[in-house]
Structure formats: structure tokens, C-alpha cells
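Chains as they are written, first to last, in my numbering: chain G, 983 to 1250; chain V, 21 to 307. Glycine is no exception: its CB is placed at the ideal position from the N, C-alpha and C atoms. Owing to the predicted nature of the structure, the values given are computational and were not obtained by experimental measurement. Shown next, in C-alpha cells, is the structure this report addresses.
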Amino acid sequence: MNRSPLDWALRLAVVAVVAFLVLPAVVVVIAGFNDRAILTFPPQAFSLKWFERALTYDDFRHGFRNGLIVMLWASSIALTVGAAFAYALHRYDFALKHVLESVLMSSLIIPHFTIGLGLLMLASQMGFGRTFAVVVFCHVVIVLPFVIRSVYISLQNLDQRLELAAASLGAPPWKVLVTIVLPLLAPGLISGWLFAAILSFNEFTGSLFVTSQATQTLPVAMYNYVREYADPTLAALSAIYIVITATLLTVANFYLGLGKVLNVDHAH
Amino acid sequence: MSALSDRPFLRLFVSPAALIAVGFSAAVIAILQFSLRAYIPGELEPGGFSLGNFAQMGKPIYARAFLDTLLICIETALITLVLAYPLAFMLVRAKSRVLKSALLVTAVTPLFLGEVVRTYSWIIVLGNSGFVNSVLLNLGLIDRPLQMMFTTFGVVVALVHVTLPVMVIMLSAAISHIDQGYEKAAASLGASPARTFLTVTLPLSMPGIIAGVTTAFAWTFSAFATPQLIGGGQVNTISTLVYQLGFASFNFPFAAALSLAGLAFTIIVLALFKRATRPLEQLGGQA
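This is the structure we're talking about:
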């Protein structure tokens, strides 16, 4: 193969950028095994004690449980609402279609601290306080655009003739929906749900505003920890986070083809 | 019945989304309401109607924060663009499926780690006894640690890491839509690879560049944990000031006014950007 200098420059650039992307993850994982209580690099001796502390620390355990509850509600609501809306968006014209779309997609652009602050104020005006319902609603608003986008892209790739065929053979609309559309949309639905779940579980800024001590999620507990302690507990927890997230995404990519879902992969 | 069956499920499918849009809009309206109320020190309930919150924003500290935030957002978006392009290009054009998947997962994973884990990781990389400083000290390149924590530089480095994945996704989407026939045509007419890239590929990927820069800008503006923890009070952005006003001073009316001003500021900057890049976007659209 005869490679041009431009090709080599491209390869070099990609290697450098990948190194930049991966560096903090590698460093934080190594730091998690540091034996000493002060963060120094490189570690002089290794130990697993920070992993033990990360897994037994009360605030993290509560945060994990709260985060899981919020994540399950928020991602399931976002999936149902978002998928239905994406379907209507793709297939129909209706009153206020573009207004509704802009409002729902605007949480991609509106700062999360603004969303959190607004919901906190709305909740206090309505006498809700910082309950789980408010946290879940905040997360639904934040992750909804990702579900809508992911399902919408899957709808674009769907061959509508299959539905027409089923309909012309006498299948009522709900039967077409359940037996044709839903199965064909499955990869988009699953990855939309997965995105929503991961993003909700890790959402920090919005959560910081709408959670209280009783409802705080894991990222909020982690943030409070960094502000109080400087030991490597959080490095250990981050290491666990990184391994789980990377594994989930690799599996998702293998089974669902993330490239198609993210619209970055097109066969010409 | 026939009018209904033209669009089955329409009402059922749109109503829940409309409900969420209404709640979300109500939250934004709540901010507007609070921003127009007076702050009574020591009281959580705001006072009567007042424009005082917006008048206070003329103070130098807030003007400065707007300027600093703007600069941080622009720097971050541009550096991210330059770093993301080669990765996105390789991601789309690589022949090997394994390489493609590896690049995609590497590029996308940080997006899902959340701001706290990423920011914390960068504290260990940039800290005075962190990774970069210990490597440089051990190599004898420096004799005392470089100060990277609590600086705008440190904040921008970590923010670039935050916005890189979404930029890669948006650029890849645009690059994957480019018909490679145009590039082959340019090459067969004698254009060098560099020239083909600059005059064909780059202009055709302009919609992705514009979408990516817009999103990177908005996300940087939205970032809170990174400027708060890495900036450590030395770097004030709108997000850190809103939080301090709300949760340290309990001055919610002013916090509301400031975040509203921040929102207006983002929208104006992005609208200007959109306007300025319209001719460039059409460059991509015509193909």
C-alpha cells in the first residue's frame, strides 16, 4: 500500500486524540488502586481498600439506590413518551407540531442548571418540594431528545411498504403497530432506552438543583464527596463506573450497531 | 371514523409529550416569575415585583463572568472541532469493522460517564501532584509543578473532553452522508488529496461542523461541575454564579434573573453564529 503523507498525518492525529480521550480514564483507574490516602501519581503501593470504601460508603449506597429508582422511571417514561412522539412526528402533520418539537428538543440547548432551577422553583410554587417526582420529571425532560432522535432515525430506516402490505391484507392499525412496527423498531427502542438510562443515571447538574439529602442520586453524592475528602475513594468508584459503561456500550454496539442508531454509519 | 383512521393513534401518541412540554414550559415561566421579584435577605419567599435583579447584572463581576464564559465556550468549541474532525473522518472511512467499532466506543464512552467522573479524572491528571506534573518532574523537564488546576486552561482542557464525543457524533453523521463520488471526481481531475479535502470534503461536511460547534457551545455553557471543581472559585462562569447565588446566598430571584440572562445570551450567540454561517451551510446543502 502506498500511503500519502496526509494519510499518516491523519493516523497520527487520530492516535493523539484517542490518547487524549482515554488518558483520564486510565489515570483514574490506576489512582483507584493507590495505597495512600493522598492522591499522588504514580502510586507507590497498591491496595483494594478504596474500592471497598467506595462500595460500602453510605451516601454512595443511597445515591446508587436513588439513582436506580430515578433511572428506571425516567428512562421508561422517556422511552414510551419519546417513541410515541417520534412516530407521530415522522408520520403525521398536526397542529403545533413544530412548536412541540422545538420545546421538547430545546433541553439539548437549555443549560441543565436552568432546567433544574426552573423545576425547583415550579415545584416549590406547587408545594411539591424536592420529591422523587420532580427529580424524575427533570430527568425525563433532559433525556427525551435522545430517545426521540434515536427512534426517529430508526423510523426513517424503516420500510413503510411492509406496513402497507399488512394493512392491505386487512390488519387493523394497532395490529400493524404491534406486529410490524414495534419489532422492526426494536434496535432503536432498546438503544434509545439504553441512552436514556445511562444519561439519567449520570445526570449531575440538573439533579444537583432538584434533589435533597434524601433523594440525592449517585453523581450528586460523588460531587459532595470530592468537596469534602481528597482520598482515592472516588477514583475507585470512577474506575467501576468506567468499566461498566464501556462494557455496556461495547455490548450494545455488538448487538444493536450503535453506528446506525447514532446515524454515523451509512452504507452507500 | 375515516378522518381518524388516516392518522391512527395521533392523539394518544402526542398527548403525553405535550404534557411534558407544558410542564417544562411552566418551569421556564417559573424562572421568569422569580426573576421579576425582589429578594428579601433571610427569606426564602421572594418579595414583590422588581426589575432590580436585572439592574444588578451590570456589576463588573457579572459582566466579567459573561465575557469569561463566552471565551471559554468559544475556545472549547473550536479546539473540540479541530480534535474531533480527524477522529470522525477515520471513524466513517475506516475499512475495518473492528477499528470502526473500537473508535466508536472509545469516542462515545466519555459521553455516558457523566460530568463528575470526568471532571474528577481530570483533577488527577492536572493536579499539582497529578499525572502530567509527575511525568514532567520525573523527566526533569520542569523543577516545580505547573499550576493547571484553578486555571482557565485546566477548565478548557476538561471541557474539550466533555464535548468531544458529541462533536465526533455530529461530524461523523455529516461525513457519512458525503457521496464519495465527488471526491473521486476531484481526484481524477488532478486535485491533490489535500486539495480534494479542502475544496470538496470539508465544505460538504459543513452542516455537521455547524451543528457540532453549536452543541459544543451550548454544552460548555451548561457545564457546572467542571468549572466549579477545576476552576475552584478562580474561574467564574454563569453556571457557577447561579449555583452560588441560589444555594450559598439563597438569593433565588437573582439566580433566576442570571440564568435567564444566560439563556438569552446563549440564544443570541447561537442565532448570530447561525446567521454568520448560513452561506457556509448552503455550501454543503447544494451538493
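The alpha helix (DSSP H) runs of length 4 or more contained entirely in the region 1101–1165 of chain G are, from start to end of the chain, 1114–1138, 1143–1150 and 1155–1158. If the five residues before and after residue 275 of chain V are omitted, its C-beta is found closer than 7 Å to the C-beta atoms of 262, 265 and 266, all from its own chain and listed in chain order. Taking C-beta separations shorter than 8 Å and ignoring five residues to either side along the sequence, the partners of residue 1140 of chain G in its chain run 1163, 1166 and 1167, following chain order.
Within the region 164–196 of chain V, the complete alpha helix (DSSP H) runs of at least 4 residues fall at 172–196. Here residue 990 of chain G is exposed, its C-beta having fewer than 16 other C-beta atoms within 10 Å. Membership of residue 1059 of chain G in the alpha helix (DSSP H) is indicated by the continuous run 1040–1073. DSSP lists V:57 as the bridge partner or partners of residue 69 of chain V. The Cβ-Cβ distance between residue 108 of chain V and residue 35 of chain V does not fall below 7 Å. Residues of chain V with a Cβ closer than 7 Å to the Cβ of residue 1223 of chain G are, in chain order, 133 and 137.
Taking residue 1213 of chain G as reference, the option from G:1040, G:1158, G:1091 and G:1032 with the minimal CA-CA separation is G:1032. Restricting attention to G:1007, G:1107 and G:986, the CA atom closest to the CA of residue 43 of chain V is found in G:1107.
Per DSSP, the unbroken alpha helix (DSSP H) holding residue 145 of chain V starts and ends at 135–146. Within the same chain, 1120, 1187, 1188, 1189, 1190, 1191 and 1192 come within 8 Å of residue 1098 of chain G by CB-CB distance, once the 5 residues on both sides are set aside.
A distance of 7 Å or more separates the beta carbons of residue 1208 of chain G and residue 1200 of chain G. Take residue 1238 of chain G, set aside five residues on each side of it, and the residues of its chain with a beta-carbon closer than 7 Å to its own are 1169, 1172 and 1173, in chain order. Look at residue 1016 of chain G here: in three-state DSSP terms it is strand. By the Cβ criterion, the region 1072–1086 of chain G is not in contact with the region 234–243 of chain V, since fewer than three pairs of Cβ atoms, one from each stretch, lie closer than 8 Å. Looking at G:1185, G:1130, G:1142 and G:1210, the one whose alpha-carbon comes closest to that of residue 1118 of chain G is G:1185. The CB of residue 1107 of chain G comes closer than 7 Å to the CB of 50 in chain V, given here in chain order. Straight-line measurement puts the Cα of residue 225 of chain V at about 12 Å from the Cα of residue 203 of chain V. If only uninterrupted alpha helix (DSSP H) runs of at least 4 residues are considered, those enclosed by the region 207–245 of chain V are 213–216 and 226–242.
Exposure of residue 116 of chain V is indicated by the presence of fewer than 16 other C-beta atoms within 10 angstroms of its C-beta.
Your pair residue 101 of chain V and residue 187 of chain V checks out as a contact, with CB atoms roughly 6 Å apart and the cut at 8 Å. With a threshold of 7 Å between beta carbons, residue 295 of chain V makes no contact with chain G. The continuous stretches of alpha helix (DSSP H) do not include residue 28 of chain V, and DSSP gives it neither H nor E.
Take the alpha-carbon of residue 1112 of chain G and the one of residue 1196 of chain G: they are about 9 Å apart. Of the residues assessed, residue 1156 of chain G falls on the exposed side of the cut-off, its CB having fewer than 16 other CB atoms within 10 angstroms.
Of G:1067, G:1080 and G:1127, the smallest CA-CA separation from residue 1244 of chain G is found for G:1127. Residue 1049 of chain G is outside the set of residues whose beta carbon lies under 7 Å from a beta carbon in chain V. When Cβ-Cβ separations below 7 Å define contact, residue 198 of chain V makes no contact with chain G. The alpha carbon of residue 28 of chain V has as its nearest neighbour, out of G:996, G:1016, G:1067 and G:1027, the alpha carbon of G:1067. The continuous stretches of alpha helix (DSSP H) do not include residue 1214 of chain G, and DSSP gives it neither H nor E.
Looking at the DSSP output, residue 1028 of chain G shares a beta bridge with G:1016. Nearest Cα to residue 1049 of chain G within the set G:1087, G:1194 and G:1149: G:1194. For residue 207 of chain V, not one C-beta of chain G is nearer than 7 Å to its own C-beta.
Fewer than three beta-carbon pairs drawn from the region 138–146 of chain V and the region 216–230 of chain V are found closer than 8 Å, and the two stretches are therefore not classed as touching.
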